[in-house]
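Let me begin by presenting the structure, written as structure tokens, before commenting on it.
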Amino acid sequence: MRQLREHPGRADVLLALALAIPVGGWTVLLLWLAAPPAWVPVLAPAALLGLLALARRRTAPAATLAAAGGFGLLQIAAPGGIPLLPSLVAFPVALHAYCAHGNRRAPTVGLAVGVIGAGAVTSWSATGHGAPLQLPPGYLFCFLLTVMLTAASLGLYRRTQVAHTAELEQRAARAEAEREERARLAALDERARIAREMHDLMAHSLSVIVSQARGGQFAARQDPARGIEVLSAIEEEGRRVLTDMRGLLGLLRTGNDVSSFGPQPGLSDLPDLLARVRSSGLAVDWQQSGEPYRLDHTAELAVYRTVQESLTNTLKHARQATRSEVRFRWSPAGLEIIVRDDGDGAGPSDGAGQGLSGMRQRLAIVGGSLRAEPGPGRGFQVTAVLPRRAEGVTV
476 MRQLREHPGR ADVLLALALA IPVGGWTVLL LWLAAPPAWV PVLAPAALLG
526 LLALARRRTA PAATLAAAGG FGLLQIAAPG GIPLLPSLVA FPVALHAYCA
576 HGNRRAPTVG LAVGVIGAGA VTSWSATGHG APLQLPPGYL FCFLLTVMLT
626 AASLGLYRRT QVAHTAELEQ RAARAEAERE ERARLAALDE RARIAREMHD
676 LMAHSLSVIV SQARGGQFAA RQDPARGIEV LSAIEEEGRR VLTDMRGLLG
726 LLRTGNDVSS FGPQPGLSDL PDLLARVRSS GLAVDWQQSG EPYRLDHTAE
776 LAVYRTVQES LTNTLKHARQ ATRSEVRFRW SPAGLEIIVR DDGDGAGPSD
826 GAGQGLSGMR QRLAIVGGSL RAEPGPGRGF QVTAVLPRRA EGVTV
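When you read off a place in the sequence shown, starting at 1, and then add 475, the result is the number in this note's numbering.
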């Protein structure tokens with residue numbers, strides 16, 4: 476059965492043979508008994524061909540209907556008292572196939588042909604050819620018209636069913652294409668996220684290394700041992716950034732999830748971040764007020780990157796900055812993060828660079844916002860607000 480569903484042409488051939496063998500044999504027998512001997516060699520092959528034509532009822536529905544109808548006309552044209560032959564069953568079957576699988580005008584044309592066929596057979600029977608049926612013309616016409624209307628209606632229903640199935644297949648194909656497109660866009664978003672990670676990592680680490688190297692130059696003049704410590708710190712920072720870069724570049728090569736290279740930083744990693752910044756020579760004062768609550772992983776990463784990028788901007792752009800403040804203010808409404816330095820104001824790239832744009836994008840994902848502006852009195856201040864989300868909060 477599965478092979479017949481996958482290859483409908485085979486099912487049509489089997490149907491044609493199933494009708495041609497018994498019905499065709501019965502028809503030939505009736506022709507042999509009732510038809511004029513001169514017409515038997517003509518009508519018998521025509522009846523068999525009309526039945527065998529059903530093997531192409533789906534691939535050539537118009538030709539199949541023409542073959543079945545042609546046999547009926549040939550029977551009407553034959554002289555003598557030929558009764559209604561069983562092989563005429565091929566006509567309603569062909570009519571059904573034509574209405575189901577023909578062109579868009581097939582249902583209308585097929586219905587008209589069926590009505591005409593019913594009328595023609597009724598007229599033929601009224602001349603005396605159908606005497607063996609002993610049916611009044613009105614009853615015969617109603618019966619034949621019912622058969623034709625039923626065949627045409629079932630064909631139209633099948634046509635609607637096939638169209639509906641095709642529509643479902645098209646929808647499934649479109650859904651699959653949309654799924655692939657969403658997967659492609661998700662991969663692009665992931666690459667963009669990795670690019671932001673690389674920017675944050677490189678900008679912060681290189682700023683720390685440069686600041687450490689600058690401080691090491693002065694320390695080495697006064698205390699060579701202190702200079703060696705600074706070089707060791709630079710080496711450690713360089714090794715760390717190389718390890719992180721290998722992981723991020725591995726993601727770009729394989730497209731695997733970032734979790735395969737270790738967890739993303741969160742609030743628990745802030746002390747290490749502040750320690751690295753302090754080792755570069757910038758004093759960092761960190762305080763928090765209110766009752767802390769748990770953030771989800773995305774929010775923690777956004778907070779960590781906001782603090783990291785803000786301190787990196789201080790190292791890169793804040794002129795003569797010696798101190799930076801990091802404030803966490805927890806409240807039932809959310810978390811407010813303030814990062815402020817004591818430099819001589821904003822650098823030329825503050826507010827327009829990729830760093831602040833990346834922070835805004837990260838915070839926007841978790842419903843937060845960012846404001847970057849000159850600090851009170853002097854320096855530069857970054858204020859981030861992260862609303863408390865019920866689905867991501869556990870006090």
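Ideal Cβ positions, reconstructed from N, Cα and C, are used throughout, including at glycine.
Residue i and residue j closer than 9 angstroms at C-beta
i	j	result
Val576	Arg646	According to the sequence as given, residue 576 is His; it is not Val. No, these two residues do not count as a Cβ contact at 9 angstroms.
Leu570	Val588	yes
Pro812	Leu770	One detail in the question is off: residue 812 reads as Ile in this sequence, not Pro. No, they are not a contact pair.
Gly765	His792	no
Tyr779	Gly833	no
Val683	Val752	yes
Arg863	Gly809	yes
Ala510	Ala553	yes
Ser754	Ala708	yes
Glu800	Val814	yes
Leu524	Ala542	yes
Gln836	Arg671	yes
Glu784	Asp675	yes
Environment of residue i [buried if 16+ CB atoms lie within 10 Å]
i	result
Tyr573	buried
Pro767	exposed
Leu518	buried
Ala667	exposed
Ala495	buried
Leu660	exposed
Asp487	buried
Thr539	buried
Ala796	buried
Gly585	buried
Gly544	buried
Ala491	buried
Ala528	buried
8 angstroms contact criterion, which residue i and residue j should meet: CB distance rounded
i	j	result
Gln762	Arg802	6 angstroms
Leu530	Thr502	Just to set this straight, residue 530 is Ala in the shown sequence, not Leu. No, Ala530 and Thr502 are not in contact; Cβ-Cβ is about 17 angstroms, not under 8 angstroms.
Leu790	Leu757	6 angstroms
Leu838	Ala777	5 angstroms
Gly843	Ala859	6 angstroms
Ile840	Thr773	6 angstroms
Asp816	Gly854	5 angstroms
Gly691	Leu706	6 angstroms
Leu631	Pro582	5 angstroms
Cutoff 7 angstroms; reference residue i; Cβ partners in own chain excluding five residues on either side
i	result
Val498	Leu526, Pro561, Ser562, Val564
Ser806	Gly765
Ala537	Tyr573, Gly577
Glu848	Gln856
Own chain partners of residue i with C-beta closer than 6 angstroms, once the 5 adjacent residues on each side are dropped
i	result
Ala606	Any reading at Ala606 must be qualified, since the residue scores a pLDDT of 43, below 50, and its modelled position is unreliable; the value itself is stated next. Excluding residues within five positions, none has a Cβ falling inside 6 angstroms.
Gln739	Leu776
Gly619	The sequence as given places Leu at residue 619; Gly does not occur at that position. Answer for Leu619: Ala593, Val596, listed in chain order.
Gly613	none
Gly713	none
Arg633	Ala575
Residue i Cβ short of 8 angstroms to the ligand ATP heavy atom set
i	result
Leu861	The ligand ATP is absent from the structure shown, which contains no ligand whatsoever.
Would you check if the region 650-663 and the region 614-633 touch, i.e. whether three or more CB-CB distances between them fall below 8 angstroms?
no
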